[in-house]
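Protein chains in written order, with the working numbering: chain A, 4 to 115; chain B, 126 to 238.
We put the beta carbon where it would ideally sit given N, CA and C, even for glycine.
In this text the structure is predicted, and so the values were computed from the model without any measurement.
First comes the structure, then the notes that go with it.
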Amino acid sequence: QKEVEQNSGPLSVPEGAIASLNCTYSDRGSQSFFWYRQYSGKSPELIMSIYSNGDKEDGRFTAQLNKASQYVSLLIRDSQPSDSATYLCAVLRGSTLGRLYFGRGTQLTVWP
Amino acid sequence: AAGVIQSPRHLIKEKRETATLKCYPIPRHDTVYWYQQGPGQDPQFLISFYEKMQSDKGSIPDRFSAQQFSDYHSELNMSSLELGDSALYFCASSSGTGQHEQYFGPGTRLTVT
């Protein structure tokens, strides 16, 4: 079983809709959670970090964390075609020194 | 804002050759991480350095070695290259270890023929 699991894609939403991306993790001691966006052939770009239970909003993005359920999600409001990319959930476990564990990613397509 | 710099951006090598990848972290970042991403795969952690000392080691082959220098830049040395080493190699940097956010460089695309 992979350390970090993401909902299987691809996910396709119309422009202006809300895209919902989900992620679960196995290590209950995990401390920090990140969402990266990766365009094909490019490097992962950090878009959100969250450390405490609850919601964190940044512009059109909202990250949600529920440590009891070992669940992280990312909501993208007013989705744009430029949001079309692969979204990687990454988790920093409590027992490691900064090594990130990634999910396989969810490919999002926003169609006009 | 300054970002992580990696060189070269593209590298083509033949089997059994050696390759050296370089990474220059964001200014004032003291921690460097190396990740390997194969086609259609998620990034896999290789190794990390904090204040010029190895801080963690992942699934890095014995044929690979790395170090961090006094100016905090890092080099990943790869020997006896195999076809399976063809991948994107990313360097990321952060300020300290722990919760600190990691910022990725543009990557080096290594092709082994």
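### Message
Tell me the residue span of the beta strand (DSSP E) that contains leucine 111 of chain A.
### Response
109–114
### Task
Give a yes or no on whether the minimum CB-CB distance between proline 84 of chain A and chain B is below 8 Å.
no
### Contact set for threonine 145 of chain B: own chain, Cβ-Cβ below 8 Å, skip 5 residues either direction
Glu200, Leu201, Asn202 and Met203
### Task
Using a threshold of 8 Å, state whether the C-beta atoms of tyrosine 28 of chain A and glutamate 6 of chain A are closer than that.
yes
### Task
Could you pull out every residue in the same chain whose Cβ sits closer than 8 Å to the Cβ of arginine 134 of chain B, ignoring the five residues on either side in sequence?
Pro231, Gly232, Thr233 and Arg234
### Task
Answer yes or no: does any C-beta atom of chain A fall closer than 8 Å to that of threonine 156 of chain B?
yes
### Query
If you draw a straight line from the alpha carbon of phenylalanine 36 of chain A to that of glutamine 110 of chain A, how long is it in whole angstroms?
19 Å
### Task
List the DSSP bridge partners of glutamate 48 of chain A.
A/Arg40
### Message
I'd like to know if serine 43 of chain A contacts chain B, where contact means its C-beta is closer than 8 Å to some C-beta of that chain.
### Response
no
### Task
Determine the direct distance from the alpha carbon of tryptophan 159 of chain B to that of glycine 32 of chain A, and round the result to whole angstroms.
23 Å
### Message
Residues of chain A with CB closer than 8 Å to the CB of glutamate 226 of chain B, please, in chain order.
### Response
Phe37, Leu49 and Ser52
### Closest residue to glycine 128 of chain B among A/Ser72, A/Ser46, A/Tyr104 and A/Pro115 (Cα-Cα distance)
A/Ser46
#### Entry: serine 85 of chain A in three-state terms, based on DSSP
helix
### Message
Is there a Cβ of chain A sitting closer than 8 Å to that of glycine 209 of chain B, yes or no?
### Response
no
### Task
Determine, using beta carbons only, whether leucine 103 of chain A and glutamine 227 of chain B come nearer to each other than 8 Å.
yes
### Message
Which runs of the beta strand (DSSP E) at least 3 residues long sit entirely within the stretch 184–208 of chain B? Give them in chain order.
### Response
189–193 and 199–203
### Task
Report, in whole angstroms, the separation of the C-beta atoms of tyrosine 90 of chain A and glycine 108 of chain A, which I expect to be a contact under 8 Å.
6 Å
### Message
Under 8 Å, Cβ to Cβ, is there at least one residue of chain A near aspartate 196 of chain B?
### Response
no
### Task
State the Cα-Cα distance for the pair leucine 100 of chain A and tyrosine 54 of chain A, rounded to the nearest angstrom.
16 Å
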